[in-house]
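Here my numbering is used: the first residue of the first sequence is 655, the next is one more, and so on.
The beta carbon of each residue, even a glycine, is placed where N, CA and C say it ideally should be.
Source: prediction; values computed, not measured.
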Amino acid sequence: MPELPEVELARTVLRDALHREIASIDDNDDWVCRPHPPGQIAAALVGGELTAAHRRGKTMWCETSVRGDAGPELGIHLGMGGQIVVDGKVGPTGPEHRNPGARKPEWDRFTVNFADGGSLRLFDKRRLGRVRLDPDHEALGPDAEVITRDEFRTRVGRGHSAVKARLLDQTVLAGVGNLLADETLWQASISPATPADELRPKDLDRLYDSLESSLKAAIAHGGVHTGEVVPYRNADAACPRCGSHMLHGTVGGRSTWWCAKEQR
DNA sequence: CCATATGTTAAAAG
DNA sequence: ACTTTTAACATATG
Numbered sequence: 655m656p657e658l659p660e661v662e663l664a665r666t667v668l669r670d671a672l673h674r675e676i677a678s679i680d681d682n683d684d685w686v687c688r689p690h691p692p693g694q695i696a697a698a699l700v701g702g703e704l705t706a707a708h709r710r711g712k713t714m715w716c717e718t719s720v721r722g723d724a725g726p727e728l729g730i731h732l733g734m735g736g737q738i739v740v741d742g743k744v745g746p747t748g749p750e751h752r753n754p755g756a757r758k759p760e761w762d763r764f765t766v767n768f769a770d771g772g773s774l775r776l777f778d779k780r781r782l783g784r785v786r787l788d789p790d791h792e793a794l795g796p797d798a799e800v801i802t803r804d805e806f807r808t809r810v811g812r813g814h815s816a817v818k819a820r821l822l823d824q825t826v827l828a829g830v831g832n833l834l835a836d837e838t839l840w841q842a843s844i845s846p847a848t849p850a851d852e853l854r855p856k857d858l859d860r861l862y863d864s865l866e867s868s869l870k871a872a873i874a875h876g877g878v879h880t881g882e883v884v885p886y887r888n889a890d891a892a893c894p895r896c897g898s899h900m901l902h903g904t905v906g907g908r909s910t911w912w913c914a915k916e917q918r
C-alpha cells in the first residue's frame with residue numbers, strides 16, 4: 655500500500671517511537687537491512703534514541719541521538735507492502751487494521767525494542783522494504799506534496815516517455831506510485847500514454863491540480879485506495895464519471911487502467 | 001502451475 | 001553519453 659499518503663500516515667505512527675531509549679535492535683534480515691551486516695545497525699543505535707521523523711516521497715528517516723551526540727540517520731522504506739508498527743499499533747491503513755488476524759511474527763523484518771518495553775517494527779510480508787543507516791535521500795526529486803506548479807511543469811513535461819512514467823519516476827518528483835498515478839491522470843482526463851513533451855501547459859497545470867487534490871484527499875481519508883477511480887481498476891468496470899468502459903494495459907512498466915472515452 | 005501485486009534498481013536497449 | 005524500457009528482486013495470494 656505504501657505511496658506517499660500511506661507513508662505520511664506511517665510517519666505519524668513513527669512519531670510515537672521518538673524519545674524512547676533503544677534497548678536492543680533485531681536487524682538480522684540482511685536482505686531488508688542490506689548493505690548492513692546483522693548487528694551493524696544495532697551497534698550504531700542501541701543506547702540512543704530516535705529524535706525526529708521525516709519523509710520525502712516514499713522514503714522516511716529518523717534523526718537519532720546516541721550518548722548525547724547526533725547519531726546516524728535511520729532510513730526506512732516500506733517497499734511494496736511494508737508497514738510501521740509501534741507498540742502493536744499501525745496507522746489507519748493496512749491489513750492488520752482491516753484484518754487483524756493476518757499477521758505472522760516472521761513477517762516482522764526489523765525491530766527496535768525500547769527500554770520501556772514497547773517496540774517499533776517494520777512489518778513486510780514481501781521483504782521489499784529497506785532499512786539502512788544514512789540513506790541518500792538527495793537522489794529523489796522534490797516531494798509531490800510540496801513541489802511548486804512551475805517545478806512540476808518543467809520536470810514532468812520533459813522527455814518523450816509516457817506521462818505516467820514521468821509521474822512514477824522518483825527522480826522527477828517523489829511520492830507518486832501506481833495507483834496514485836492512475837487516479838491523478840483520471841482526475842485530469844489525460845491518457846497515461848501521452849508523451850510528456852506533448853502535453854500543453856494547461857494540461858500540465860490541470861494534472862498538477864489533480865495531483866495535489868488527490869494527495870490531500872488520500873491522506874485525509876486513509877490511503878490511495880480511497881481514490882475515486884481506484885475501486886474501478888478492474889475488468890468489466892465502468893468509469894464512475896461517464897459510464898464508459900475502463901481500458902487496461904501496461905504503461906511505464908506498470909499495470910494501468912484508464913477511461914476509454916475521457917482519457918485519449 | 002500461472003498470473004498478479006500500491007516499489008526500486010541494475011542491466012539492456014534505443 | 002544520455003534517455004527509456006525491461007527484467008529481476010522476495011514472497012504471498014487467488
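DSSP state of S773 mapped onto helix, strand, coil: Residue state, collapsed to three classes: strand.
Put H899 into one of helix, strand or coil per three-state DSSP. strand
Proximity of G906 and L858 at Cβ, strictly below 8 Å: Cβ distance not < 8 Å, so G906 and L858 don't count as in contact.
Between the CA atoms of V883 and D836 - distance to the nearest angstrom: The alpha-carbon atoms of D836 and V883 are separated by roughly 8 Å.
Compute the distance between the beta-carbons of F806 and L827, then report whether it is under 8 Å. yes
Is S845 near the ligand GDP, going by C-beta to nearest heavy atom under 7 Å? Ligands are entirely absent from the displayed structure, and the ligand GDP is therefore not among its contents.
Can you tell which of C893, K915 and R887 has the C-alpha that lies nearest to the C-alpha of H902? The shortest C-alpha separation from H902 is found at R887.
When you compare only the Cα positions, how much space is there between T880 and E662? 15 Å
Judging by CA-CA distance, which residue of V686, E675, D680 and E760 is the nearest neighbour of G702? E675
Go ahead and pull the three-state DSSP assignment for I873. helix
Can you find the residues in the same chain that come closer than 8 Å, C-beta to C-beta, to I844, ignoring five residues on each side of it along the sequence? Excluding positions up to five away in sequence, the list reads V817, L853, D857, R860, L861 and Q917.
Straight-line CA distance for A671 to D684? 23 Å
Where does P656 sit, in a helix, a strand or coil, going by DSSP? coil
Answer yes if the stretch 792–806 comes into contact with the stretch 753–772, meaning at least three C-beta pairs across the two stretches below 8 Å, and no otherwise. Counting Cβ pairs under 8 Å, fewer than three are found: no touch.
According to the Cβ coordinates, are A850 and H875 closer than 8 Å? no
So what does DSSP say about Q841, is it helix, strand or coil? Reduced to three states, the DSSP call for Q841 is helix.
Kindly identify the DSSP beta-bridge partner or partners of E601. The structure shown does not extend to residue 601, since the chain is modelled only from 655 to 918, so the question has no answer here.
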